[in-house]
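Participant: Sequential numbering of the sequence shown, starting at 116, is according to the numbering used here.
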Amino acid sequence: MSEQIKEILRRVAEDVMEKLAFLLSFSSEESSQSDTFAAAGISFSGSVRGTLIMAISDQILPQLAGNMLGLDDDEETTHEQQQDAVKELINVICGNLLPAISGKQHVFHIEPPHLVSEELQSYIDALLLKNRNASLICVKLPLEDGECDLFLVHY
């Protein structure tokens, strides 16, 4: 089941990133690693409960925000616009992921997305400790100028 969910998460994230932010996923050989990233989380409850976390390379943020806002290439984005773009991206991914996993007949309560300011692994570990029966699914999406990592903690 977790392999099915992993593939659904990958497919949904690639689709949303392409349609909402015009960012395409490439094979792993073509991506560049980044030491710094922005991270956001969004929690949900319903027939499935959990938290979706996204970490995206910092160097992609200006392009992400600019594409989502429809700005010209020569227009710069602010730090706040970039943070808002990260939160909106994870919000849309989560909103498309849940019915893809559970079916369109289920109703979910989705919390507002939030930036993850603490160390990412500590944040994920805390979620897993808090919910001992939780499962963790990880998806890495290599992008042209970095990568986007998604972590689904569900129980």
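Every residue, glycine too, gets a C-beta built ideally from N, C-alpha and C.
Looking at the strands, I want to know which residues DSSP matches up with K234.
Facilitator: The identity of residue 234 in the sequence shown is Glu, whereas the question assumes Lys. Bridge partners of E234: none, in fact.
Participant: Check whether the Cβ atoms of A215 and I157 sit closer than 9 Å, and answer yes or no.
Facilitator: Not in contact: A215 and I157 (Cβ atoms no closer than 9 Å).
Participant: Take I252 and list the residues in its own chain whose beta-carbon comes closer than 6 Å to its own, dropping the five residues that flank it on each side.
Facilitator: For I252, where only same-chain residues beyond five positions count, the Cβ hits under 6 Å are S117, I120, K121 and L267.
Participant: Look up L138 in the DSSP assignment and say whether it is helix, strand or coil.
Facilitator: L138 falls in the coil class under three-state DSSP.
Participant: Rounded to whole angstroms, what is the Cα-Cα separation between V163 and P177?
Facilitator: So the two alpha carbons sit approximately 33 Å from each other.
Participant: Decide if T192 is buried, meaning its Cβ has at least 16 other Cβ atoms within 10 Å, or exposed.
Facilitator: Burial call: buried.
Participant: Return helix, strand or coil for V268, following the three-state DSSP convention.
Facilitator: Residue state, collapsed to three classes: strand.
Participant: Thinking C-alpha only, which one of T151, Y270, E133 and A155 is nearest L230?
Facilitator: Closest by alpha carbon: A155.
Participant: Taking contact to mean 3 or more Cβ pairs, one atom from each stretch, closer than 8 Å, check whether the stretch 165-173 and the stretch 196-214 are in contact.
Facilitator: With the cut-off at 8 Å, the stretch 165-173 and the stretch 196-214 touch.
Participant: Could you tell me which of A249, L179, G218 and K219 sits nearest to K202, measuring between CA atoms?
Facilitator: K202 has its Cα closest to that of L179, out of A249, L179, G218 and K219.
Participant: I'd like to check one pair, Q196 with L63: are the Cβ atoms closer than 9 Å?
Facilitator: Past the boundaries of the shown model lies residue 63; the chain is included only from 116 to 270, so the question cannot be answered.
Participant: E262: which of Q220, V127 and T151 sits nearest, CA to CA?
Facilitator: Comparing Cα positions, the closest option is T151.
Participant: Using a Cβ-Cβ cutoff of less than 6 Å, which residues in the same chain neighbour G181 once the five nearest sequence positions on both sides are dropped?
Facilitator: Same-chain partners within the cutoff: T192.
Participant: Identify the continuous alpha helix (DSSP H) that holds A215 and give its terminal residues.
Facilitator: Its alpha helix (DSSP H) spans residues H194 to S217.
Participant: Pick helix, strand or coil for G165, following the three-state DSSP scheme.
Facilitator: Correct three-state label for G165: strand.
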